[in-house]
Each structure stands twice: as C-alpha cells, then as structure tokens.
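Residue 45 is where the sequence shown starts when you use this note's numbering, and the numbers rise one by one after that. Below is one structure, written out as structure tokens, with a few remarks after it.
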Amino acid sequence: MSETDLTLWVRGEPPAHDAIGTQTYGFWLYMMSDALIFAALFASYGVLDHAWNAAGGPTARAIVHPVEAFWQTILLFGAVLSGSLAMAGMKRRSRPAAAGFLLVAALLGTGFVALELRDLVTLVMAGDTPERSAFLSMFFLLVATHGLHVIFGLLWMGVMIVQVLAFGFTAPVVTRLLNMQMFWQFQAAIWVCVFVFVYLQGAM
C-alpha cells in the first residue's frame with residue numbers, strides 16, 4: 045500500500061477489519077503482559093520496602109530524591125507530548141513534522157535516562173549496591189526495568205525517524221508509529237506509579 049493510498053483517519057463508520065487496527069490490537073495485548081510484569085515488580089517492592097529488609101543499609105528515605113525525580117517526570121512528559129505532536133504530524137502527512145517531533149521526544153527521553161543512570165551510579169559509588177539488601181535489590185530492579193523499557197523506546201524512535209523520512213507513511217510505518225506511541229505513553233504511566241510509590245512515598 046502506497047503512502048497516497050493509505051487512509052489513516054476516515055470519517056463515518058470504520059471498516060470491520062483493517063491491517064493497522066489488527067496489528068495495533070495485537071501489540072495492545074503484549075502491553076497487557078508487560079503491565080503484569082510491572083504489577084509484580086510493584087507488589088514485590090511494596091513487600092520489601094520496610095526497614096527490616098534494609099539489612100542495616102539505607103531505607104527509601106535515605107536514597108530517594110523527589111525533587112530530582114520531578115525533573116525526570118518533566119522530561120518524560122515532555123517526550124510524551126512531543127511524541128503526540130509527531131502523531132499529529134503523521135495525521136497531516138508531514139514527514140518533517142513527524143520526524144522532527146520524534147527527534148525532540150528522543151532527546152528529552154535521553155535526558156530522562158541520563159538522570160536515572162546518574163542516580164543509580166551515585167548509589168553504587170556510595171556502596172549501596174543491589175547485593176547489600178533485599179530492599180536495594182528490588183529498588184534497582186524496578187527502576188532499572190523501567191529504564192530499560194525507556195531505552196528500548198528511544199531506539200525504536202530512532203528507527204522510526206529513519207523509516208518516516210525514507211518511506212513516508214505507508215501502512216507498516218504507520219502501524220509501527222502507533223504501536224511505538226502506545227508503548228511510550230505506557231512508560232510514562234508506569235513512571236507516574238514509580239514517582240508516587242517509590243519517590244514520594246519513600247520520602248515520607
């Protein structure tokens with residue numbers, strides 16, 4: 045299907061089945077399995093987030109910094125907004141707009157990852173490694189798992205920028221863009237949970 049043949053938004057009743065909708069639904073099912081993984085991680089963190097699981101090491105109050113995490117939140121939400129503007133560019137069939145906003149989203153997401161890595165490295169340099177206690181193991185696992193998802197999203201964005209500029213808005217490219225945006229928004233939703241239950245609650 046060529047770019048000119050592709051209809052992304054149709055007024056009126058949509059067709060009963062279409063390739064883009066089917067593949068997007070399939071990716072949505074994958075996202076549900078990813079949500080189960082994070083649910084298990086949050087449940088485990090909730091169990092281990094107690095002083096007796098710190099094994100003499102630092103508790104959440106000693107290692108979390110809500111103000112710094114707030115700036116990470118701003119960066120990630122800015123990346124989500126830029127990704128949404130890229131989808132608007134796709135709707136207008138503007139390759140420069142879609143690719144440009146994806147690039148902005150990738151840069152903001154990279155800033156988020158850089159701040160997260162800085163915090164984890166600071167803990168390791170202070171001797172607060174995952175091996176020190178069950179609490180620290182769970183803290184590192186939860187934060188790092190989300191960080192790895194964000195890094196994967198950044199790599200995906202880089203690939204999509206190239207594909208948008210090279211191929212335009214063909215059906216496969218549009219499908220990947222929609223799935224990528226859904227994945228990216230999901231990471232922002234997970235980060236809200238991390239920010240509230242790990243950083244805000246941990247600092248109380």
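Glycine included, every Cβ here is placed at the ideal spot set by N, Cα and C.
Under the three-state reduction of DSSP, P174 is assigned to helix.
Remark: C-beta atoms of A98 and S177 approach each other more closely than 8 angstroms. In the DSSP annotation of this structure, the continuous segment of the alpha helix (DSSP H) that includes F121 starts and ends at P110 to K135. For the pair of segments examined, the segment 113-120 was found to touch the segment 228-242: the number of CB pairs separated by less than 8 angstroms reaches three.
For V157, the enclosing alpha helix (DSSP H) starts and ends at R139 to M169. A direct Cα-to-Cα measurement between T173 and R162 gives close to 14 angstroms.
In the assembly as shown, H193 is a buried residue. Its beta-carbon has 16 or more other beta-carbons within 10 Å. Rounded to the nearest angstrom, the gap between the Cα atoms of G153 and V165 is 18 angstroms. Here the alpha carbon of F230 sits roughly 25 angstroms from the alpha carbon of A104.
As the crow flies, the alpha-carbon of A149 is around 26 angstroms from that of A83. Inclusion of M131 and L221 in the CB contact set at 8 angstroms is warranted, their separation being smaller than that value. Of the residues assessed, V187 falls on the buried side of the cut-off, its CB having 16 or more other CB atoms within 10 angstroms. Nearest in C-alpha terms to M224, of all of R137, I107, A142 and L85, is A142.
Check the Cα spacing between G101 and each of V168, P140, I81 and G90: the tightest is with V168.
Secondary structure of G197 (DSSP, three-state): helix. One Cα belongs to G212, the other to G70, and the distance between them is close to 23 angstroms.
Under the DSSP assignment, N223 falls in the alpha helix (DSSP H) whose first and last residues are A215 to V238. Going by C-alpha positions, P140 is about 18 angstroms away from W200.
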